[in-house]
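In mature numbering (1 follows the signal peptide of the UniProt record, and there is no 0), the protein residues as written are -21 to -1, 1 to 338.
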């Protein structure tokens, strides 16, 4: 009986300490607005549909349109039978494309009901790469099956296919105003394709680690790619000059685990160009594009891997996480030095970065 009393006392003490610890660790949570969750489970991808609406996909197999300013779900599309890996939208339209582990890509229209209006079938493994041509007529897909495919959007017909051994595609992006497509791969290589001949025109020097993601600057001059890694090794993002293929400009180093996403940010008037990265270490970093100085870091405690970013404008950024949904993050000038689940520290550039809401 005495041992039982001791056990109960220790249990009560442990629960008390745990509760208090959670309160201490989540000091900033009271400042973060919690909206209705967009998904059940981990979120793999997020992008913008309009200034107010974002689109996301995750392990619940749903494609969700969400008004992140009002904090409400607008539409949930159900059509995939495995988790959604990527979503992209065509600017200025209501078109949404979603890729999945079910090996398909579905096309949706926000104004045409809750059924897919087009289906792109032909890959043999998970589709990880998805990009729309600048004029909105072609869709590029890439998969772990080593195939890069080019589709006619109107007919859903595959017009071009190309297989390269060990080219396990991780991400695809179209160069703005160009016929070129860039893709990253698990074979540590970055390839540039000509969409007219559907041939590789340039291959960048192989990095030491798997290339996880890429993005092209709005002017089409620069490419940023990110790498997997652990213990701070291989966790960098790299800036390349597309005008001199294979020319490395700078590297952004500071994450401790895989850098899962890298994005060019809209440039505020009078400011230098910036790059944002997110990592499996649960942090987001903002960098000076040209000097690689870290301007701000935000640690999202308990959020798990942060796998996708979507800039809305010069001050608003969305981030997808494995454990705590989507985060609306605000970036601005300031001197806030707080760290934790709701606010981040400014670096040499004096940026503030903080979470405003979760959903």
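Beta carbons: idealized from backbone N, C-alpha and C, even for Gly. On a predicted model such as this, the values are computed, not experimentally measured, just so you know.
Q: For residue 123, count neighbouring C-beta atoms within 10 Å of its own C-beta (all shown protein chains included) and say buried if the count is 16 or more, exposed if not.
A: Position 144 of the chain shown, counting from 1, holds the residue named residue 123. The residue in question, residue 123, is buried, as its Cβ has 16 or more Cβ neighbours within 10 Å.
Q. When the Cβ atoms of the stretch 260 to 279 are set against those of the stretch 11 to 22, are three or more pairs found closer than 8 Å?
A. no
**Q.** Option nearest residue 230 by Cα separation, candidates 261, 265 and 84
**A.** Residue 230 sits at position 251 when you count from the first residue of the chain shown. The residue with the shortest Cα to Cα distance from residue 230 is 265.
Q: Under 6 Å Cβ to Cβ from residue 137, same chain only, skipping five residues before and after it: list those, please.
A: The sequence position of residue 137 within the chain shown is 158, counting from 1. Cβ within range, chain order: 101, 128 and 130.
Q: Rounded to whole angstroms, what's the CA-CA distance from residue 169 to residue 312? Just pull it up for me.
A: Taking the chain shown and counting its residues from 1, one reaches residue 169 at position 190. Taking the chain shown and counting its residues from 1, one reaches residue 312 at position 333. Distance between the alpha carbons of residue 169 and residue 312: 34 Å.
Q) Span of the beta strand (DSSP E) holding residue 307? A) Translated into the one-based positions of the chain shown, residue 307 becomes position 328. Element bounds for residue 307: 305 to 312.
(Q) Using only the alpha-carbon positions, how far apart do residue 338 and residue 116 sit? (A) Looking up residue 338 in the chain shown gives position 359. Looking up residue 116 in the chain shown gives position 137. Whole-angstrom Cα-Cα distance: 33 Å.
Q.
For residue 287, tell me which candidate among 245, 301 and 69 has the shortest Cα-Cα distance.
A. The count along the chain shown starts at 1 and reaches residue 287 at position 308. Looking at the Cα atoms, 301 is the closest of the given residues.
Q) residue 139 by DSSP, collapsed to three states: which one? A) Along the chain shown, read from residue 1 onward, the residue named residue 139 stands at position 160. In the structure shown, residue 139 sits in a strand (DSSP, three-state: E or B).
**Q.** Other residues of its chain near residue 3: CB distance less than 6 Å, five sequence neighbours each side excluded
**A.** By one-based count along the chain shown, residue 3 stands at place 24. At residue 3, the pLDDT of 29 sits below 50, so the modelled position is not reliable; the number obtained from the coordinates is stated separately. Answer for residue 3: no residue qualifies.
Q: Sort out for me which residues DSSP pairs residue 54 with in a bridge.
A: By 1-based counting over the chain shown, the position of residue 54 is 75. 44, per the DSSP bridge assignment.
Q: Give the C-beta separation of residue 28 and residue 42 to the nearest angstrom, bearing in mind that I take them to be a contact with Cβ-Cβ under 8 Å.
A: Counted from its first residue, the chain shown places residue 28 at position 49. Counted from its first residue, the chain shown places residue 42 at position 63. 11 Å between Cβ atoms; not a contact.
Q: Within the same chain, show all residues whose beta-carbon is closer than 7 Å to that of residue 68, passing over the 5 residues directly before and after it, in chain order.
A: Walking along the chain shown from the start, residue 68 turns up at place 89. Taken in chain order, the residues that qualify are 26, 27, 28, 34, 74 and 75.
Q: Starting from residue 339, follow the beta strand (DSSP E) in both directions and report where the run begins and ends.
A: The first residue shown for the chain is -21 and the last is 338, placing residue 339 beyond what the model contains.
Q.
Between which two residues does the beta strand (DSSP E) holding residue 337 run?
A. Indexing the chain shown from 1 puts residue 337 at position 358. 330 to 337 is the extent of the beta strand (DSSP E) around residue 337.
Q. Which one or two residues does DSSP pair with residue 215 in a beta bridge?
A. Translated into positions along the chain shown, residue 215 becomes position 236. Answer by DSSP bridge pairing: none, since residue 215 is not bridged.
(Q) Per DSSP, what are the beta-bridge partners of residue 69 in this structure? (A) The count along the chain shown starts at 1 and reaches residue 69 at position 90. None; residue 69 has no bridge partner.
(Q) Under 8 Å, with one C-beta from each stretch per pair, do the stretch 181 to 195 and the stretch 152 to 169 reach the 3-pair mark? (A) yes
Q: Would you grab the beta carbon distance between residue 239 and residue 184 for me? Rounded to a whole angstrom, and I think it's under 8 Å.
A: Numbered from its first residue, the chain shown carries residue 239 at position 260. Numbered from its first residue, the chain shown carries residue 184 at position 205. Rounded, the Cβ-Cβ distance is 22 Å, inconsistent with contact.
Q: Have a look at 267, 157 and 19 and flag the residue whose alpha-carbon is nearest the alpha-carbon of residue 330.
A: Position 351 of the chain shown holds residue 330. With distances taken between Cα atoms, residue 330 lies closest to 267.
Q) Who does residue 201 pair with in a DSSP beta bridge? A) As a first step, residue 201 must be located in the chain shown, where it is residue number 222. Beta-bridge pairing links residue 201 to 220.
Q. Where does residue 49 sit, in a helix, a strand or coil, going by DSSP?
A. The residue you call residue 49 lines up with position 70 of the chain shown. In the structure shown, residue 49 sits in coil (DSSP, three-state: anything other than H, G, I, E or B).
Q: Report back the beta-carbon spacing between residue 126 and residue 142 to the nearest angstrom; my notes put them in contact at under 8 Å.
A: For this step, residue 126 is matched to residue 147 along the chain shown. For this step, residue 142 is matched to residue 163 along the chain shown. Going by Cβ atoms, the distance from residue 126 to residue 142 rounds to 5 Å, so yes, they are a contact pair.
Q) With a CB to CB cut of under 8 Å and the five nearest residues on each side skipped, what residues in its chain are close to residue 24? A) Position 45 of the chain shown holds residue 24. 35, 36, 37, 63, 64, 65, 66, 286, 287 and 299, listed in sequence order.
Q) Quick one: is residue 119 buried, meaning 16 or more other Cβ sit within 10 Å of its Cβ, or exposed? A) Numbered from 1 along the chain shown, position 140 holds the residue referred to as residue 119. The residue is buried, with at least 16 neighbouring Cβ atoms inside 10 Å.
Q) Going by C-alpha distance, which of 180, 182, 148 and 112 is nearest residue 157? A) By 1-based counting over the chain shown, the position of residue 157 is 178. For residue 157, the nearest C-alpha among the options comes from 112.
Q: Keeping to the same chain, check which residues put their C-beta closer than 8 Å to that of residue 253; ignore five residues upstream and five downstream.
A: Here residue 253 refers to the residue found at position 274 of the chain shown. The answer, listed in chain order, is 243, 244, 246, 265, 266, 267, 268 and 274.
Q. Who are the Cβ neighbours of residue 61 in its own chain at under 6 Å, not counting the five residues just before and after it?
A. Position 82 of the chain shown, counted from the start, is the residue given in the question as residue 61. Cβ neighbours of residue 61 beyond the five flanking positions: 79, 80 and 81.
Q: Could you tell me which of 92, 263 and 182 sits nearest to residue 289, measuring between CA atoms?
A: Numbered from its first residue, the chain shown carries residue 289 at position 310. Answer by Cα proximity: 263.
Q. Residues bridged to residue 154 by DSSP?
A. Along the chain shown, read from residue 1 onward, the residue named residue 154 stands at position 175. None, per the DSSP bridge assignment.
Q) Looking only at its own chain, which residues have a Cβ that is under 6 Å from the Cβ of residue 293, when we skip the five neighbours before and after it? A) Within the chain shown, the letter at position 314 stands for residue 293. Cβ neighbours of residue 293 beyond the five flanking positions: 245 and 247.
Q | Own chain partners of residue 154 with C-beta closer than 6 Å, once the 5 adjacent residues on each side are dropped | A | In the chain shown, the residue the question calls residue 154 occupies position 175. Excluding positions up to five away in sequence, the list reads 195 and 199.
Q) So, residue 139 versus residue 87, is the Cβ gap smaller than 8 Å? A) Counting from one through the chain shown, the residue named residue 139 turns up at place 160. Counting from one through the chain shown, the residue named residue 87 turns up at place 108. Cβ distance not < 8 Å, so residue 139 and residue 87 don't count as in contact.
Q. Just to confirm, are residue 203 and residue 241 a CB contact at a threshold of 8 Å?
A. Mapped onto the chain shown, residue 203 falls at position 224. Mapped onto the chain shown, residue 241 falls at position 262. Cβ distance < 8 Å, so residue 203 and residue 241 count as in contact.
Q: Look at the alpha carbon of residue 335 and the alpha carbon of residue 148, and state the distance between them as a whole number of angstroms.
A: Stepping through the chain shown from its first residue, residue 335 is reached at position 356. Stepping through the chain shown from its first residue, residue 148 is reached at position 169. Rounded to the nearest angstrom, the two C-alpha atoms are 34 Å apart.
Q: Name the one or two DSSP bridge partners that residue 192 has.
A: Locating residue 192 in the chain shown gives position 213, where the first residue counts as 1. Beta-bridge pairing links residue 192 to 205.
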